[in-house]
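A.B. asks: Encoded as C-alpha cells, here's the structure I'll be asking about.
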Amino acid sequence: QVQLVESGGGLVQAGGSLRLSCVSSGNTINRYAMGWFRQAPGLEREFVASISSTGGNTFCADSAKGRFTISRDNAKNTGYLQMSGLKEEDTAVYYCAARDKPTGWDYWGPGTQVTVSS
Numbered sequence: 088q089v090q091l092v093e094s095g096g097g098l099v100q101a102g103g104s105l106r107l108s109c110v111s112s113g114n115t116i117n118r119y120a121m122g123w124f125r126q127a128p129g130l131e132r133e134f135v136a137s138i139s140s141t142g143g144n145t146f147c148a149d150s151a152k153g154r155f156t157i158s159r160d161n162a163k164n165t166g167y168l169q170m171s172g173l174k175e176e177d178t179a180v181y182y183c184a185a186r187d188k189p190t191g192w193d194y195w196g197p198g199t200q201v202t203v204s205s
C-alpha cells in the first residue's frame, strides 16, 4: 500500500511560482511511477505530468510544457511539481498519484489547492 500526501499549494499571483510536494508513506515509492493531476471547479480531473519510477522518463500535458517540471527524490519518498509562469487557468486542486502498472493510477493523495490571482 502507498499513502500519498500533497503539500505546497496556496495563493499566488499570476506569473508566480509554486513547488508542490508529494510524500509517500507505506511502501517505498521507488518502484512506482508518479503523476500529477488537477481538477478545476466544474471540470473533470486532467493529467498534468508524470514521471517513471527511476525518474528517467517524464511526460507533460501541453498546458504544462515549458512551465511545469516534474521530478522525484526516491531517497526521500517524495515527488515534486515545480510550477512557474502560473496563470489564472492553473487554479485547481492538484492531486498526486502513483501506480506500479502501466494502466490506471492506483493510489491518490487528498489534493492541495492552488489558486492563481490576477
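Once you know that position 31 of the sequence shown is 118 in my numbering, the rest is easy, because the numbers rise by one and skip nothing. Glycine residues also receive a C-beta, built at the ideal position from the N, C-alpha and C atoms. Just so you know, these numbers come straight off a predicted model, no measurement behind them.
Among the residues of its own chain, which have a CB less than 8 Å from the CB of ARG159, if the five just before and after it don't count?
C.D. replies: On the sequence shown, position 72 is the one that residue 159 refers to. Cβ within range, chain order: ILE116, MET121, ILE138, GLY142, THR165, GLY166, TYR167.
A.B. asks: At the level of alpha carbons, what is the spacing between LEU191 and ALA184?
C.D. replies: If you number the sequence shown from 1, residue 191 lands on position 104. If you number the sequence shown from 1, residue 184 lands on position 97. This sequence places Gly at residue 191; Leu is not what is there. One C-alpha to the other measures close to 10 Å.
A.B. asks: Going by DSSP, what residues sit across from ALA136 in a beta bridge?
C.D. replies: As a working note, residue 136 is residue 49 in the sequence shown. Per DSSP, TRP123, CYS147.
A.B. asks: Taking GLN200 as the reference, which of GLN90, SER94, VAL89 has the closest Cα?
C.D. replies: Within the sequence shown, numbered from 1, the residue matching residue 200 stands at position 113. Nearest C-alpha to GLN200: SER94.
A.B. asks: Compare the beta carbon distance of SER112 and GLN90 with 8 Å and say whether it is the shorter of the two.
C.D. replies: For the purposes of this step, residue 112 is identified with residue 25 of the sequence shown, where counting begins at 1. For the purposes of this step, residue 90 is identified with residue 3 of the sequence shown, where counting begins at 1. Yes.
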